[in-house]
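Q: Residues 11 to 378, numbered by the working numbering, are exactly what the sequence shown covers, in order.
C-beta: ideal position from N, C-alpha, C; glycine also.
Before anything else, here's the structure in question.
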Amino acid sequence: MKRLALIALLAALAVPSTSPAAGCSPLDCAASGVALPGGLLAARLAGVNGRVRVVDLRSGAQRRVLPPGVLAGGTLVREDQADLQWIDPASGRVVAHRTIQEGLLVGASQDGRRAVLQWSAARKAVFGIAGRGGAVHEAIVGRGNWGFDALSGQSLYLLHYLKRGYEVRRFDLAANRLVAQPLKDPNGSSLIWGVAWARLASPGGRYLFTLYVGPDGGSMIHELDLRSGTARCISLPGDGDFDAASSYALALSPDGRTLWAVSPGYGRVVGVDVAAARVRGAFRFPLSVDRFGGTSVAAIAPGGRRIAVAAGDRLWLVDLRSHGVREVRQAAGALGFDPDGSRLWVVGAHGRVSTLAPVTTSAGTRVR
């Protein structure tokens, strides 16, 4: 039964999330937390289609609750019927808006200044790029099943869904054409398979990291360099257990050089060299529970030494220098460290904010 349920899930998630027949992708429906400028945390406990709780990481106070929308570049972009709105999460104010004629909001540029809309015309997929003023740029892609991936500069990155997976394609907005060749790792195929399970963007908007989980329990990180228009695939340790692989969570070091992937299911901490697109190092830690399912959330401390990861009803505090790990029984929908890294704020499933302090681990030990 578990195998059949997994096959059904993978089949449903092969459909773009904007399609009425789509399954609910973890990218859409899983709880998450996104750090915002000014020491704030955007907690999305019901996924991207749910409300955004803005938490002050200095005090742990909930500042406000915002409507659903796309978070990009520290801005919330939302569609209210025919009105596109750009909202500043810090103040809750609508800083810009414009009227649109058609299309469904499916994303935003990395800096949050442009919205991406999608619709169909004459059985062709069309993506509209809408800034805060001026005309909407229409990118007519063609027939087939298409979804939005990213927008940076004059490059619109799209997902082309095929029978056995999907490819990342680039639409050149300046030339108004779809680039013929799909993006691919130099040493691999352009076809991506598995489920897009988690996603993380670098603060400067250059990189987009996507965690893919396969039905065999294998997983990999798809690193998309939006500046150069290149893609690399980095395999992660572990195989044979889909639930364990799906517990991987991503966190980027403050200097942007190392992407950390932590799997409570496999008991692995993996450091990826972003510039080289390869695993730099990894270590293990023991577990007190046998099975995992669903997704994990993570946060990294301002100094870059500690990572907190929560999955199910457990939370792990990982010291990246000593490899010490502290495990506590604590469920979380979003996590965030305060500015000096001394406290970890935990946002529960119903929005209640609590704290763990001190957030240290014993040097050189693994605490279960």
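(1) Just curious, the alpha helix (DSSP H) that Phe252 is in, first and last residue?
(2) Does the beta-carbon of Thr268 have 16 or more other beta-carbons within 10 angstroms, so that it is buried, or is it exposed?
(3) Identify whether Leu37 lies in helix, strand or coil by the three-state DSSP scheme.
(4) Would you tell me roughly how many angstroms separate the C-alpha atoms of Ile150 and Ala308, rounded to the nearest one?
(5) From Ala45, Gly70, Pro77, pick the residue whose C-alpha is nearest to that of Asn59; which is it?
(6) When the cut-off is 9 Å and only beta carbons count, does Ser257 lie next to chain B?
(7) Could you give the residue range of the beta strand (DSSP E) that holds Gly346?
(8) Taking its Cβ as the centre, do 16 or more other Cβ atoms sit within 10 Å of Val363, making it buried, or is it exposed?
(9) Quick check: the segment 237-250 against the segment 258-274, are at least 3 beta-carbon pairs closer than 8 Å?
(10) Ala185: buried (16+ other C-beta within 10 angstroms of its C-beta) or exposed?
(11) Can you give the beta carbon distance from Leu354 to Ala318, rounded, assuming they're within the 8 Å contact cut?
(12) Looking at Val289: is its Cβ nearer than 9 Å to the Cβ of Glu233?
(13) Would you mind reading off the limits of the beta strand (DSSP E) that contains Val58?
(14) Would you list the residues sitting across from Trp326 in a DSSP beta bridge?
(15) Ser306 and Ser257 - do their beta-carbons sit closer together than 9 Å?
(16) So, for Leu169: in the same chain, excluding its five sequence neighbours on each side, which residues have a beta-carbon less than 6 Å away from its beta-carbon?
(17) Considering only residues of the same chain and omitting the five flanking positions on each side of Ile310, which have a CB-CB separation below 6 Å?
(18) Since Val44 and Ala52 should fall inside the 8 Å C-beta cutoff, what is the C-beta to C-beta distance between them, to a whole number of angstroms?
(19) What separation, rounded to the nearest whole angstrom, lies between the Cα atoms of Val205 and Leu345?
(20) Secondary structure at Tyr171, three-state DSSP: helix, strand or coil?
(21) Going straight from the alpha carbon of Ala41 to that of Asp323, what length do you get?
(22) Which runs of the beta strand (DSSP E), 3 residues or longer, sit entirely within the segment 223-279?
(23) Just to confirm the assignment, what range does the beta strand (DSSP E) spanning Ser130 have?
(24) Give the single residue among Ala125, Ala135, Gly358 whose Cα lies nearest to the Cα of Gly144.
(25) Going by other Cβ atoms of all chains shown within 10 Å of its Cβ, with 16 needed for buried, is His360 buried or exposed?
(26) Tell me which residues share the same chain as Leu46 and place their Cβ nearer than 6 Å to its Cβ, disregarding the 5 neighbours each side in the sequence.
(27) Assign Pro196 to one of two classes, buried (16 or more other C-beta atoms within 10 Å of its C-beta) or exposed (fewer than that).
(28) In three-state terms, what does DSSP make of Val282?
(29) Mark Asp329 as exposed unless 16 or more other C-beta atoms lie within 10 angstroms of its C-beta, in which case mark it buried.
(30) Strictly by DSSP, which residues pair up with Thr220?
(31) At which residues does the beta strand (DSSP E) containing Thr85 begin and terminate?
(32) Please report the Cβ distance between Arg216 and Leu236, rounded to the nearest whole angstrom; I am assuming they are in contact, meaning their Cβ atoms lie under 8 Å.
(33) To the nearest angstrom, how far is it from the Cα of His107 to the Cα of Asp121?
(34) CB Gly117 to CB Leu161, shorter than 9 Å?
(35) Three-state secondary structure (DSSP) at Thr305?
A: If we stick to the structure as given:
(1) It spans 252-255 - the alpha helix (DSSP H) in which Phe252 sits, taken as one unbroken run.
(2) With 16 or more Cβ atoms within 10 Å of its Cβ, Thr268 is classed as buried.
(3) In the structure shown, Leu37 sits in a helix (DSSP, three-state: H, G or I).
(4) Distance between the alpha carbons of Ile150 and Ala308: 37 Å.
(5) Checked all of Ala45, Gly70, Pro77; the closest Cα to Asn59 is Pro77.
(6) The displayed structure is made up of one protein chain only, and chain B is not part of it.
(7) First-last of the beta strand (DSSP E) with Gly346: 344-347.
(8) Using a 10 angstroms sphere on the CB of Val363, the tally of other CB atoms reaches 16 or more, which defines it as buried.
(9) Touching, per the Cβ criterion.
(10) By the 10 Å Cβ count, Ala185 comes out exposed.
(11) In this structure Leu354 is in contact with Ala318, their Cβ atoms being roughly 5 Å apart against a cut-off of 8 Å.
(12) When the beta-carbon positions are compared, Val289 and Glu233 stay at least 9 Å from each other.
(13) No beta strand (DSSP E) holds Val58; DSSP gives it neither H nor E.
(14) BP columns for Trp326 point to Val319, Glu337.
(15) With respect to the 9 Å criterion, Ser257 and Ser306 are classified as neighbours on the basis of their beta carbons.
(16) Same-chain partners within the cutoff: Gly157, Asp159, Tyr176.
(17) Non-local beta-carbon contacts of Ile310 in its own chain, meaning distances under 6 Å to residues more than five positions away in sequence, involve Ala261, Ile317 in chain order.
(18) Indeed they touch by this definition, with Cβ atoms about 5 Å apart.
(19) Counting only the Cα atoms, Leu345 lies some 24 Å from Val205.
(20) It is a strand residue.
(21) One C-alpha to the other measures close to 14 Å.
(22) As far as the segment 223-279 is concerned, its whole beta strand (DSSP E) runs of at least 3 residues are 229-235, 240-246, 259-262, 268-273.
(23) First-last of the beta strand (DSSP E) with Ser130: 125-131.
(24) The residue from Ala125, Ala135, Gly358 with its alpha-carbon nearest to that of Gly144 is Ala125.
(25) By the neighbour-count rule (16 or more Cβ atoms within 10 Å), His360 is not buried but exposed.
(26) Non-local C-beta neighbours of Leu46 in its own chain, meaning closer than 6 Å and more than five positions away in sequence, comprise Ala52, Gly84, Pro99, ordered along the chain.
(27) Answer is exposed; the Cβ neighbour count stays below 16.
(28) DSSP places Val282 in strand when its eight states are reduced to three.
(29) Around the beta carbon of Asp329, 16 or more other beta carbons lie within 10 angstroms, which makes this residue buried.
(30) Paired residues: Arg209, His232.
(31) Counting along the chain, the beta strand (DSSP E) containing Thr85 begins and ends at 85-90.
(32) Rounded to whole angstroms, the Cβ separation of Arg216 and Leu236 is 6 Å, and the two are in contact under 8 Å.
(33) C-alpha separation (whole angstroms): 16 Å.
(34) Going by C-beta atoms, Gly117 is nearer than 9 Å to Leu161.
(35) In the three-state DSSP reduction, Thr305 falls in the coil class, being neither helix nor strand.
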